[in-house]
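Protein chains: 4
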Amino acid sequence: MPFMSDNAAPVHPAVWAAMQAADAPQPPYDGDNLSAAMDDAFSALFGRPCAAMWVASGTAANCLALAAMVRPYEAVLCHELAHIERDECGAPGFFTHGAKLVLAGGDHAKMTPQTARDRLARVGVGVEHTPVTALSITQASEAGCVYSPGEVAAMGAFAREKGLRFHMDGARFANAVAHLGCSPAAASCEGGVEALSFGFVKNGGMGAEALIFFAPDMVEATRYNRKRAGHLQSKGRYLAAQILAMLKGDLWLDNARRANAAAAEIAAAAGDRLIHPVEANEVFVALSAGERAALRGAGFAFYDWDEATARFVTAWNSEEAEVMALAKALRGV
Amino acid sequence: MPFMSDNAAPVHPAVWAAMQAADAPQPPYDGDNLSAAMDDAFSALFGRPCAAMWVASGTAANCLALAAMVRPYEAVLCHELAHIERDECGAPGFFTHGAKLVLAGGDHAKMTPQTARDRLARVGVGVEHTPVTALSITQASEAGCVYSPGEVAAMGAFAREKGLRFHMDGARFANAVAHLGCSPAAASCEGGVEALSFGFVKNGGMGAEALIFFAPDMVEATRYNRKRAGHLQSKGRYLAAQILAMLKGDLWLDNARRANAAAAEIAAAAGDRLIHPVEANEVFVALSAGERAALRGAGFAFYDWDEATARFVTAWNSEEAEVMALAKALRGV
Amino acid sequence: MPFMSDNAAPVHPAVWAAMQAADAPQPPYDGDNLSAAMDDAFSALFGRPCAAMWVASGTAANCLALAAMVRPYEAVLCHELAHIERDECGAPGFFTHGAKLVLAGGDHAKMTPQTARDRLARVGVGVEHTPVTALSITQASEAGCVYSPGEVAAMGAFAREKGLRFHMDGARFANAVAHLGCSPAAASCEGGVEALSFGFVKNGGMGAEALIFFAPDMVEATRYNRKRAGHLQSKGRYLAAQILAMLKGDLWLDNARRANAAAAEIAAAAGDRLIHPVEANEVFVALSAGERAALRGAGFAFYDWDEATARFVTAWNSEEAEVMALAKALRGV
Amino acid sequence: MPFMSDNAAPVHPAVWAAMQAADAPQPPYDGDNLSAAMDDAFSALFGRPCAAMWVASGTAANCLALAAMVRPYEAVLCHELAHIERDECGAPGFFTHGAKLVLAGGDHAKMTPQTARDRLARVGVGVEHTPVTALSITQASEAGCVYSPGEVAAMGAFAREKGLRFHMDGARFANAVAHLGCSPAAASCEGGVEALSFGFVKNGGMGAEALIFFAPDMVEATRYNRKRAGHLQSKGRYLAAQILAMLKGDLWLDNARRANAAAAEIAAAAGDRLIHPVEANEVFVALSAGERAALRGAGFAFYDWDEATARFVTAWNSEEAEVMALAKALRGV
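Chains as they are written, first to last, in this note's numbering: chain A, -3 to 329; chain B, -3 to 329; chain C, -3 to 329; chain D, -3 to 329.
This is the structure in structure tokens:
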């Protein structure tokens, strides 16, 4: 029973259908009418003008955004558990040509204005120090926790105060919005986010993430950088089709709600073994090696977060029976 | 009638079927059984052990190969019309961290040992000059022409003599092999090619190219570089599925033969207006502005190569009626 | 008798004296009063506000300037014989993170608006092509020839028309100004030059070149980039001392005049064997292998430019007797 | 009275003399006989074959060494207070094209095998993580403390065990060796160090540091990288002259002993206010803001390390009277 990660779930039928409907030849790269429709689709969704580009991976989305924000001698402030720091093989350093990541703390993998401020205070002034000129937060965080609109806005205010550009890694942005019950804008751009990596792959897509720019000055460089990084696929219409299908009828939100609901069931079963509040589709549970072995013996697949913690991830396709089986098993340990 | 480019053709039905058959969840990235099968599939195809990785674009394939071949202070020798020089927005400079391309001439966008040797002779010796340590040729060339096995081997001998690693950009490798009627190995690795960008997107795939390493020392760095460039997609099984479907029953070769045959029909009609021999699926025809306007008025889409030349590209799905219509129109000008 | 290069000449006594006068401890890096005086000194020299930084080499000066002008996915237009293209081991690619050099022709290693325009016309439009956003010319050129104020201004007008930033590699700027008999401003910034690598090492200095910015927007990034490249030396006062000593009493101009005069004597002797007009301190002479061997046998050191050409370089310290000996020898071949 | 930093001290008379003796023209770059003598001079000093190159700054020396050790997707393990992490504006990221620094702790700015091991254990395995392939320690450390030969050897054993290349930042290597009373080899290469940034600028030089390679495989790439970074100065003989003058008669050791002795006097006066053992030429003293103001009022210049700590640095030219005055003042606070 698969609770390893949402990044291996199947493709949603509506996405399949949209891709196949895109089969007729069209101009290559992003010259097709689906790619051209993305700006409008996301502008409508966020209620403000924005530019949207497809890319094949969250790493590409995040790093193209950062490359548009910092110069090579500058630095990005992020949480010490951020995906860009821990899980992308130094990709930010590649795309930004060596810019540094400056790491702050914060409970549940979320920075606060205070943890950000404290870290920034320790960055020296002068040409021997890389100036921090961008801020990146993850919505939902690596611990499966969500920044409320107020928390996003507080980070945005901090960014403005310090002159930092503001990026949001939204690999699980859908799950965050589903949890918050607010508009996607309230969870991002209304709080000051200037570039958003809006994830679809973990939520029913195949190989397309949307990189959304609310700040128009970042767009042109990114068009070149996307090509230069080999991410301007020639049959881009199939990526645009995936994304537009996810937006249609708020499929992205339905899928995320389903995943969140499954996670909530598991969380309820885990009780006081929970390491973090369960606000999205990830459940971190304190389990001993023996307990984990027993669960695996019973057919559950999941990830060892550290020696004492297991991570269970649900997805749009998590089956109720399997979720209930896991919940029951967790109650039994 | 679409003769603009093969890079916008639809996805072949067998590829669609294979992708959908890959829908069941599997370990992410390249941990799935389809990705794992690629090494064996290509080793069988080429008759020697090789390592195969999927990436989303030819630019990524080419540049990851070059990054495994040269250090940032070195240089790659290629034809002045090569795609890596002219059409990738400096992507080789990005992936290699600034290595130079050193440009040689040669008829029909093909280098010869002589043009390569002449160019190399003009590269200075000493630390003020970037040493050339790799060679890249395009099979079929940007002019739609093909290196025979003997020509590949001659370039390979030159590379060995000069201590150059040897890369082949095979965005249209299938068309080249279909033209030659030889084994894929004879058109590449038997002549000394150490890394091959084997294109599928232009030939019936959706968004998957294969990067083949015949030289095992280049593999490990490339695994990291692929991740670092955002090209290790989490649902990699859908890329592997495309490629394996193309290999099955030599679909790649059938598709290429079909495209080549269509190009041959057009070429026959173009007669002595042909700029280059037609050996793959591209037809370069001397046409005045007026003649081109007339053809466009008649419904034909194609690319203006330069002021006096139109380029017509066929694909696996070129329809016989449309090809005949174009042939007839060309005879009429 | 040394006519190999001016880059190995001794240090001028006035420079030695100024360095030793700088021995008293002062704040490190460029916090000392000599470094602080550079902006004013060059602003006075050029008759307009400018920012001046010392660096240790012409390569560093050139490449820091280019790094302030182009983004990694852009390109610099320069002559195909430019030092940045041929003699710096790809340093521009290092400092700019992979930006390309686009090469134009032109007699005597000088571009003209026409050669520049022709080359630019062949650069494609769209994200697959690196946009050219900077222009770099060499004053005096690699052939020892000089852009007149009118020629500089014509290139500057071209740069403005095309939206290009404008850099001048002035490794031998002093020799050019000495030849022109105009103000240094007329030979550079009055014609639109925005950043000038003003060479002193070849003209009596030890290890200090001045990087002059007439465009204030390039300064801040360069302060960081200089540090980041290891070029912010801690005892920077010794570099500033060299440069200020060269400016004092127009020593830079006197030294260049002396070198130019020596070159003119040699040029007169070379007669119609001259390959290029002799306008600075380099003399290119058609000489057969045998003739060159004979000259070397007679004690003259010089550089083989190509199989049929010898290059003789004079310097501030060229001795009259040696110059006359060379002139006599050349008359005798 | 100057206790701000040793990086602004004057040039030693013997160094001046050697530079002036190098005035006669010689082949440029490192083609002169002084540069050529460096390998032998350092091989004799260290009792084993090594290659030595001059560069203008410690940042350049450190980063060229790291660039020879790691690929762009790899990482360097160093102390969290290391100069390469805190004071070089991200220069390691520039020279290595984005490699990361992975930070370990340890008292007195010294790593131990245990702190290194603990940190390494937290680095994940797999292509999403940058593999650590090099280790860099600072001798003497940023806290003015020294690794004993045994401690260096322990770090070297750790590096070998983990397959890490081993770099030593020796900006104050002379002070460390003077403290240890051992051979320079015992303080570095005998313990496994493969590349050493051997500092001279802080110890009586002007603008020349030596980069020493005990591992021959790193040399060739570095020759190119030095040129490419603009650090191959054309009048390199003046840099070689400085270094050779410092080696002659062990001037480097005499100068360091003098600086260390001055620091010891100050340390004795600081008593239990010392933050770190004083083993080289830096004295860290707990002093309140008021106490520091009083000292400054009395004419002492020094650096505020943090809110509660002042740093006093001595140099080869520290004057006995000034040192005694400071010692007396510290006893009085």
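We put the beta carbon where it would ideally sit given N, CA and C, even for glycine.
Every value quoted in this text rests on a predicted model; they were computed, and no experiment measured them.
Three-state class that DSSP yields for residue i in the structure shown
i      : result
L207/D : strand
R307/C : strand
Y25/D  : coil
F280/B : strand
V215/C : helix
H8/B   : coil
R118/C : coil
P68/D  : coil
D103/B : helix
L228/A : coil
S111/A : Here residue 111/A turns out to be Thr, not Ser, going by the sequence shown. In this structure, T111/A counts as helix in the three-state DSSP scheme.
Beta-bridge pairing of residue i - partner residues as DSSP gives them
i       : result
H163/D  : S132/D and A191/D
Y299/D  : R307/D
V98/B   : L73/B
L270/A  : V281/A
P(-2)/C : A297/C
W50/D   : A206/D
Same chain, Cβ closer than 6 Å to residue i, five either side skipped, listed in chain order
i      : result
D354/B : The structure shown does not extend to residue 354/B, since chain B spans only -3 to 329, so no value can be given for it.
A64/D  : M214, A217 and T218
K283/B : Checking the sequence, you will find Leu at residue 283/B rather than Lys. The answer, listed in chain order, is A306.
G94/B  : P68
A150/D : P109
Sequence-distant residues of its chain with Cβ nearer than 8 Å to residue i (five each side left out)
i      : result
R115/A : L73, V98, L99, A100 and G101
A4/D   : P(-2)
V189/C : V148, G152, F162, H163, M164 and F210
L62/C  : V72, I80, P88, F91, T92, A95, A130, S132 and H163
Neighbourhood of residue i by C-beta distance below 7 Å, restricted to the same chain and skipping five residues each side
i      : result
H125/A : V119
R233/B : A18, Q22, D28, L30 and S31
Proximity test, Cβ basis, 8 Å: residue i and chain E
i      : result
K158/D : Judged by its chain identifiers, the structure shown contains no chain E, and its protein chains are A, B, C and D.
Q) If you measure beta-carbon to beta-carbon, which residues of the region 113 to 124 of chain D are closer than 8 Å to chain A? A) G120, V123 and E124
Q.
I'd like to know if the region 57 to 74 of chain A and the region 79 to 92 of chain D are in contact, where contact means that at least 3 CB-CB pairs between them fall below 8 Å.
A. yes
Q | Residues of the region 67 to 92 of chain A with Cβ closer than 9 Å to any Cβ of chain B, in chain order | A | E84, C85, G86, A87, G89, F90 and F91
Q. Using a Cβ cut-off of 9 Å, which residues of the region 171 to 205 of chain C contact any Cβ in chain D, in chain order?
A. V197, K198, G201, M202 and G203
Q. Touch check for the region 309 to 322 of chain B and the region 272 to 282 of chain B: three-plus C-beta pairs under 8 Å?
A. yes
Q) Got a sec: which bits of the region 211 to 231 of chain C sit with their beta carbon under 9 Å from any beta carbon on chain A, in order along the chain? A) A217, R219, Y220, N221, R222, K223, R224 and L228
Q | Near-chain C residues of the region 281 to 315 of chain D (beta-carbon distance less than 7 Å), N- to C-terminal order | A | none
**Q.** Contact between the region 235 to 250 of chain C and the region 176 to 196 of chain C (3+ Cβ pairs under 8 Å)
**A.** yes
Q: Residues of the region 45 to 58 of chain B with a CB closer than 9 Å to any CB of chain A: list them in chain order, please.
A: V51, A52, S53, G54, T55, A56, A57 and N58
Q. Between the region 174 to 184 of chain B and the region 26 to 43 of chain B, do at least 3 Cβ pairs fall closer than 8 Å?
A. yes
Q) Counting pairs of beta carbons, one from the region 242 to 259 of chain C and one from the region 16 to 25 of chain C, are three or more of them closer than 8 Å? A) no
(Q) Three or more C-beta pairs under 8 Å: does that hold for the region 290 to 304 of chain C against the region 7 to 20 of chain D? (A) no
Q | the region 121 to 138 of chain C touching the region 167 to 175 of chain C, judged by at least three CB pairs closer than 8 Å | A | yes
Q) What are the residues of the region 255 to 285 of chain D that lie near chain C, defined by any Cβ-Cβ distance shorter than 9 Å? A) none
Q | Under 7 Å (Cβ pairs) to chain A, residues found in the region 124 to 139 of chain D | A | E124, H125 and T126
Q. When Cβ atoms are compared, which residues of the region 20 to 47 of chain B fall closer than 9 Å to chain A?
A. A20, P21, Q22, P23, P24, Y25, G27 and D28
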